[in-house]
Each structure stands twice: as C-alpha cells, then as structure tokens.
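Trainee:
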Amino acid sequence: MRAIGRLLPFVRPALSRIVLGMVAALFAGIVALLIPQVLRALVDGPLSDGDASAVWIAFVVVLALGIGEAVMIALRRWFVLTPGTHVEAAMRNRLYAHLQNLPVAFHDRWPSGQLLSRAVSDLNLIRRWLSFGLVLLVVNLVTIVVGIGFLVSISPLLGLVFVVLSVPVAMISFAFEKRYHVVARRSQDQQGDLATAVEESVHGIRVLKAFGRGKHALASFARQAEELRGTEIEKARAVANLWLWLLLVPDVTWAICLLIGVLQASAGQLTIGELTAFFATATVLRFPVESIGFLLSMTFDTRTAVDRLFEVLDEPDTIVEPDDPQTIAEPHGRLAFRGVHFRYPDAPAGTRDLVDGVDLDIRAGETMALVGLTGSGKSTLTALTTRLYEVTGGSIEIDGVDIRRLRRHELRARIAMAFEDATLFSASVRENVLLGRPEGSPADVDEALDIAQASFARELPQGLDTIIGEEGLSLSGGQRQRLALARAVAARPDILVLDDPLSALDVDTEALVEEALRRVLTTTTALIVAHRPSTVALADRVAVLRDGRIVAVGPHSELIATNEHYRFVISSLEAERGDAREEVVR
Ligand SMILES: Nc1ncnc2c1ncn2[C@@H]1O[C@H](COP(=O)(O)OP(=O)(O)O)[C@@H](O)[C@H]1O
Ligand SMILES: [Mg+2]
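Take 708 as the starting number for the sequence shown in this note's numbering and just add one per residue.
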C-alpha cells in the first residue's frame, strides 16, 4: 500500500482509465458468475419438469451473458493498455531529469548499471503491473468474494467447506510473500550489477584487450551471471512451490465438496440444479484463485521495483536553488575563494579537509594558473566553482556574489569548464561544440574551432555534421581535448575554468593552442590547472596549492625565485615532460 501510495502522483492522470478497466473487468467477472445461476434455474425448473423448450431460452440467455463477458474483457484491455505506457514514460522522464539534477557526488556512489536497470527493467515491470497485475488482482479478489457469496447462498455447508479450505491458500501466499520479497530484491540488484559489468567492460574494452584481461573479465562476468542464475532459480523454486499448493489445495477442496455435495443431494438436502450451479461457480472461481499466486508475486516484484526506483528519486538534490536568487548586474568576471573548505563524503574521519581553507582572488580578466602536485586537489577545487560539488565551508564568489545565491543556470552560463578527460556526446561536431551555447552561430563554431586548433573537424567525412562520440567516429585523445576546449570557449563565459585541458596534446599543437588561447584569455577571466611549464607561461599569476591551502600567489618569475615548493613542483613537471619527450624520441 505504501508503494502504491508513492506511485499515485504518477498514476493520477491514468487513474480514471485504470478504474474504468477495473469496472469492466468486474462486470466480466460478475457476468461469468451469473451463468451458473441460469444453469441452476434451468436444471431445477423446466428440465426437472421435462420441459425441453426452456433450453432455448436458457441457451439465448447464456449466449448473451457469454458475449457480454467477452465484450467486457475486451473493454478492460482497451482501457488499461495505454495509460500504463504513459505512466511508464512519465516516470522514466522524471527519473532522467532527477539524474541530471543530482550532484556529482551521487554519481560517484552509484554504479551506472544500477541506474540503467532501474530506468529500464524496473519501470517496465511497474507498467505491466499497473495495466495488468493491479487490475486483475483487485478484480479477481472481488470475484472470489462475490463467488463465495454465491456458493454460500447455494449451499451454506459446501460454501463453508470451500472457504475454510481456501484459508491455507491465503496463508501459504502470505508466507510466500515474505520469502519472495528478499529474493526478488536480490535478483533485481544483481541484474543491476551485471548491467554495470557489461557497461564497464564495453567502455574499457581497449584496456581489457590490451592487457589481455578478456578471459579474466569473462570469468568474473560469468561468476556474476551464475550468481544471478542461482537467484533466479531460487525465485522460480519459490514460485513453483507456491503453485504446487495453489493447485493442490483447490483440487482437494473440489474432491471434498464433490463428496459432501453428492451425499447431500442423494439425501435430498440439495437439488441437482444447486449441485450443478455450485460446481459451475467453483469452476468460474478456479482461474481467479489460481491467478492470485502469480499476481501476488508480480505485485511483490513491483513493490521491489518501486522501492528501487524511489531510492534514486528520494536522493535529495543537495545542490539547491537559492531561495532569494541574486543576479550579477554588471558582470566583470571576478572569481574569489574565501576560506573554502571541502572534503569528499567518503573521506576517512579525523583527516584534514582536502581543500583546507583556500583563499584566492582572481581579478577580472586575469589568467591564474593553479599548480600543485598530483592529488593535491586541483581538479576538486575547479569543480567547486560550478557547484559540481558543494563547498563544505567558506564560499566562492563571482563579482562579489556567493555562487550559492545564483541560479544554477546563471552560474553555469557565467563559468565554462573544460575537463582533462574530454567527454564528447554522440552528436555532430557542431552540437558538441555548441553544447554550452545552443543558440550560437556558425561563426561562433568557427572561431572556437580556430582557437582550440581543432580545424581537423572540418576535414571529417561529413565536416562539422559528422557524428562523433560514443557511437560515432573515434577521435584521438588530443582531438577530443581540442573539441572540449572549443566547447568551453564557444560558451563565451565570463570565467573560463580549464582543468589541464592540454595534457593530451603533442608539443607542436600545444604551442599552437596556447598561442590562440592567449588571445581568448585577454577577454575573459581564467583559472587554468597547469601540468606543464608552458601552460604556466600563459598565466599572469600562479597560485600554488599545497596541503589544501594556497601557499603562494605571484608571477612565475617571482615564485621561482622565492618559493621552494613551487620550484620543486615545476621541476617535477619538467621532469615528467622530459620523460615524455624522451619516449617520443625513442
Ligand atoms: N569523486 C571523488 N570521490 C572521492 N575522492 C576523490 C574524488 N575525486 C578525487 N578524490 C580524491 O581527492 C584527492 C584530490 O584529487 P584531485 O582533485 O583530482 O587532485 P589533482 O587534480 O590535484 O590531481 C585525491 O586523493 C583523490 O583520490
Ligand atoms: Mg586533476
């Protein structure tokens, strides 16, 4: 009931049709139960008097009832078929929208396959239950109750026997529910894990092949698949067990009723017509009673699916919109960190914050390089500026306004980011470049491609309409980075945040990109994570990040002269660079 309650907001638009479907199904059930009553009247009335002509009347009545039942069943299907699909689509869109909103920290925790299996199979299950399971469950239960009423009215004793022997069925079903729920949940979770495994190995197929880990990956996949198989068998066993009882108990009931009924009839306590009607009614009830087990297991699966779905939908969107949003009246593009603290939620307790009180002022139009050892938190610090993660202390300000006071879309229009691992989407080059500025003109695309030295894109098979990304043409790491850079530039932000965007470029291209970037950087504020001395050279000032703090800020030449840690970082960067060059030469 709780799960149904949670579904209600989504189901509401479809509710009227589902209810109409139930009403139609109820009519079908009642009509089916009326046929034995006609038989009873026929057998006890005209037939016992030897009046065969009444058979024709009864025939017409039964035929009419039969047609009525068929029409009602058709109506039920027609009513309930479409609304379920609408509900499924609405819930799927809602899930997708929620996933888009959830903070990156959520996605750090949740494997993609678990989200995939929720978006596909769990929602599919919910739709089938809504348009089929729910309706039949309600209708069959009502049919059983009404049918038992008829049975009792025909013969109180036989009716009582029928009811008493039905109790074990209910009890078995109930006991089944408890066990089944656990296994069903495990099965659905394992399906999610399996989807994750497939997704990961498809993504990492090159690495797996290159390291000859195919066999190993297969073995681990096979193990997971085998686990799922075991769970499915366990589920099937539980269902088979249930079915055994659901079939056996009614058969025993049937036999006992037949014995008592024939004895009663021969003693004159029951007419032949009543005996006929009793068994005809019991026959009608057979399908509803048998189906209860199946419908219950489907209902429990659905409950699990609803639980799994709401585990995601209930995740709070912690990066909230401000209550009283501010706007930046005159954007200059000043970016300031004021006592910023941050730690990842899974950081061990008792350790210092990863970002441990960062104070940094980046003036309007200035280019600031951020330098620090690997793992010092540079990428994390840049991610804080667009609220991909939320600061855990202090604040970040753009033109004096706390970024938490800005609407998210305004914030993300003011700042554009390029990441080290350049993710492109399955779309044309043009769409990828204009991701942050869909209304941009062809001239904007051209300019961005020029700056990022990405004119190779014009020579692709279909030019800028070539589909790239996961399902499109494969590009080299350097090409991807240049497109990602073009994307950031095309967004025309006040502030450009580049997380080591040139790392995959060869020396010559890097020099070209830097040259072109220099022009852009005169018009925007920029924070650039630099892993290379030549990138540092682009900057007006350099900030040195160490142990979660900015330990020095100043022009490169000054820092080289005064700051030992800076000299150490730069020399280690140069050493890395030298290694890379040597490898190329070799
Ligand atoms: N999503 C994450 N969840 C938990 N820890 C993370 C996450 N991303 C990075 N870290 C940790 O934070 C530290 C700093 O990472 P990062 O900001 O990427 O450093 P840098 O870019 O300076 O090399 C590392 O120790 C890393 O393991
Ligand atoms: Mg990094």
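Here a beta-carbon is modelled for each residue, glycine too, at the ideal position from N, C-alpha and C.
Put T1232 into one of helix, strand or coil per three-state DSSP.
Mentor: Here residue 1232 refers to the residue found at position 525 of the sequence shown. Note: T1232 maps to strand in three-state DSSP.
Trainee: Check the C-beta distance from D1066 over to I1257 and give it rounded, since I have them as a contact under 8 Å.
Mentor: Taking the first residue of the sequence shown as position 1, residue 1066 is located at position 359. Taking the first residue of the sequence shown as position 1, residue 1257 is located at position 550. Going by Cβ atoms, the distance from D1066 to I1257 rounds to 6 Å, so yes, they are a contact pair.
Trainee: Residues in the same chain with beta-carbon distance under 8 Å from E1290, minus the five sequence neighbours each way, listed in chain order, please.
Mentor: Start at 1 with the first residue of the sequence shown, and residue 1290 comes out as number 583. The predicted position of E1290 is uncertain, since its pLDDT is 47 and thus under 50; a value taken from the coordinates is nonetheless stated next. Closer than 8 Å at Cβ, skipping near neighbours: no residue.
Trainee: At a cut-off of 7 Å, would you count S1086 as near ligand 2, judging by its Cβ distance to the nearest heavy atom?
Mentor: By one-based count along the sequence shown, residue 1086 stands at place 379. Yes, the Cβ of S1086 comes within 7 Å of a heavy atom of ligand 2.
Trainee: Determine the burial state of F1275: buried for a count of at least 16 other Cβ atoms within 10 Å of its Cβ, exposed for fewer.
Mentor: One-based indexing of the sequence shown puts residue 1275 at position 568. The residue in question, F1275, is exposed, as its Cβ has fewer than 16 Cβ neighbours within 10 Å.
Trainee: By Cβ distance, which residues of its chain are closer than 7 Å to T1011, with the 5 residues on each side in sequence left out?
Mentor: Sequence index remark: in the sequence shown, residue 1011 carries index 304 (1-based). Here the set comprises H888, A891, R892 and Q895.
Trainee: What residues in its chain sit with their C-beta under 6 Å from that of R1293, if we drop five residues either side in the sequence?
Mentor: Start at 1 with the first residue of the sequence shown, and residue 1293 comes out as number 586. For R1293, the predicted model reports a pLDDT of 41, less than 50, meaning its position is unreliable and no value from the coordinates is stated.
Trainee: Can you have a look at D958 and say buried or exposed, based on whether 16 or more other CB atoms are within 10 angstroms of its CB?
Mentor: Your numbering for residue 958 matches position 251 in the sequence shown. Its Cβ having fewer than 16 others within 10 Å, D958 is exposed.
Trainee: Kindly indicate the opening and closing residues of the beta strand (DSSP E) around D1068.
Mentor: For the purposes of this step, residue 1068 is identified with residue 361 of the sequence shown, where counting begins at 1. D1068: member of the beta strand (DSSP E) spanning V1062 to I1069, first to last residue.
Trainee: Below 8 Å on the Cβ atoms is my guess for R1094 versus I1105; work out the distance and round it to an integer in Å.
Mentor: For this step, residue 1094 is matched to residue 387 along the sequence shown. For this step, residue 1105 is matched to residue 398 along the sequence shown. 11 Å between Cβ atoms; not a contact.
Trainee: Quick one: does the C-beta of Y1273 sit closer than 7 Å to a heavy atom of ligand 1?
Mentor: Residue mapping note: residue 1273 aligns to position 566 of the sequence shown, counting from 1. Outside the cutoff, so no.
Trainee: For ligand 4, is there a heavy atom less than 7 Å away from the beta-carbon of T1081?
Mentor: Absence of ligand 4 from the depicted structure is noted, with ligand 1 and ligand 2 being the only ligands included.
Trainee: From L1190 to V1243, what distance separates their C-alpha atoms?
Mentor: Looking up residue 1190 in the sequence shown gives position 483. Looking up residue 1243 in the sequence shown gives position 536. Each residue's alpha carbon lies about 21 Å from the other.
Trainee: Taking R1225 as the reference, which of G1079, A1246 and N1270 has the closest Cα?
Mentor: Taking the first residue of the sequence shown as position 1, residue 1225 is located at position 518. It is A1246.
Trainee: Taking all protein chains shown into account, decide if S824 is buried (16 or more other Cβ within 10 angstroms of its Cβ) or exposed.
Mentor: Taking the first residue of the sequence shown as 1, we reach residue 824 at position 117. Answer is buried; the Cβ neighbour count reaches 16.
Trainee: Taking the straight line between their C-alpha atoms, what separation do you get for A1054 and D1014?
Mentor: Stepping through the sequence shown from its first residue, residue 1054 is reached at position 347. Stepping through the sequence shown from its first residue, residue 1014 is reached at position 307. Roughly 28 Å separates the two Cα atoms.
Trainee: If the criterion is Cβ atoms closer than 8 Å, does the pair V956 and V876 meet it?
Mentor: As a working mapping, residue 956 is identified with position 249 in the sequence shown. As a working mapping, residue 876 is identified with position 169 in the sequence shown. Pairing V956 with V876 gives a Cβ-Cβ distance under 8 Å.
Trainee: Taking the alpha carbon of S1241 as the reference point, which residue from A1259, G1101 and A1218 has its own alpha carbon closest?
Mentor: Position 534 of the sequence shown holds residue 1241. It is A1218.
Trainee: Taking a contact to mean a Cβ-Cβ separation below 8 Å, would you say G736 touches T850 in this structure?
Mentor: In the sequence shown, the residue the question calls residue 736 occupies position 29. In the sequence shown, the residue the question calls residue 850 occupies position 143. Closer than 8 Å, so yes.
Trainee: Compute every distance between the C-beta of E1127 and the non-hydrogen atoms of ligand 2, then say whether any falls below 7 Å.
Mentor: Counting from 1 along the sequence shown, the entry for residue 1127 is found at position 420. Yes, the beta carbon of E1127 sits closer than 7 Å to at least one heavy atom of ligand 2.
Trainee: Going by the DSSP bridge assignment, what does F1049 pair with across the sheet?
Mentor: By one-based count along the sequence shown, residue 1049 stands at place 342. Paired residue(s): V1062.
Trainee: Under a Cβ-count criterion, where at least 16 other Cβ atoms within 10 Å of its own Cβ denotes burial, should Y1273 be classed as buried or exposed?
Mentor: On the sequence shown, residue 1273 is found 566 positions in, with the first residue counted as 1. Per the 10 Å Cβ criterion, buried.
Trainee: According to DSSP, which residues form a beta bridge with S1004?
Mentor: The residue given as residue 1004 occupies position 297 in the sequence shown. In DSSP, S1004 forms no bridge with anything.
Trainee: Hey, would you say the C-beta of R1172 is under 7 Å away from at least one heavy atom of ligand 2?
Mentor: Looking up residue 1172 in the sequence shown gives position 465. The question names Arg, but residue 1172 is Asp in the sequence shown. No.
Trainee: State the beta-bridge partners of T1074 as determined by DSSP.
Mentor: For this step, residue 1074 is matched to residue 367 along the sequence shown. Per DSSP, A1233.
Trainee: Looking at L1061 and ligand 1, is the gap between the Cβ and the nearest heavy atom below 7 Å?
Mentor: The sequence position of residue 1061 within the sequence shown is 354, counting from 1. Yes, since a heavy atom of ligand 1 falls inside the 7 Å radius drawn around the Cβ of L1061.
Trainee: If you follow the alpha helix (DSSP H) that R1253 is in, where does it begin and where does it stop?
Mentor: For this step, residue 1253 is matched to residue 546 along the sequence shown. R1253: not part of any alpha helix (DSSP H); member of the beta strand (DSSP E) spanning R1248 to R1253, first to last residue.
Trainee: Cutting at 8 Å between CB atoms, please list the residues of its own chain near F1007, excluding the five before and the five after it.
Mentor: One-based indexing of the sequence shown puts residue 1007 at position 300. Closer than 8 Å at Cβ, skipping near neighbours: E884, Y887, H888 and A891.
Trainee: Around the C-beta of F766, are 16 or more other C-beta atoms found within 10 angstroms, so that it is buried, or is it exposed?
Mentor: In the sequence shown, the residue the question calls residue 766 occupies position 59. Result: exposed.
Trainee: Starting from the N-terminal side, write out each stretch of the beta strand (DSSP E) that is 3 residues or longer and does not extend beyond the segment 748 to 780.
Mentor: none
Trainee: For R1274, which three-state DSSP category applies?
Mentor: On the sequence shown, position 567 is the one that residue 1274 refers to. In this structure, R1274 counts as helix in the three-state DSSP scheme.
Trainee: For the beta strand (DSSP E) containing I1257, list its first residue and its last residue.
Mentor: In the sequence shown, counting from the first residue as 1, residue 1257 sits at position 550. Start and end: R1256 to G1261.
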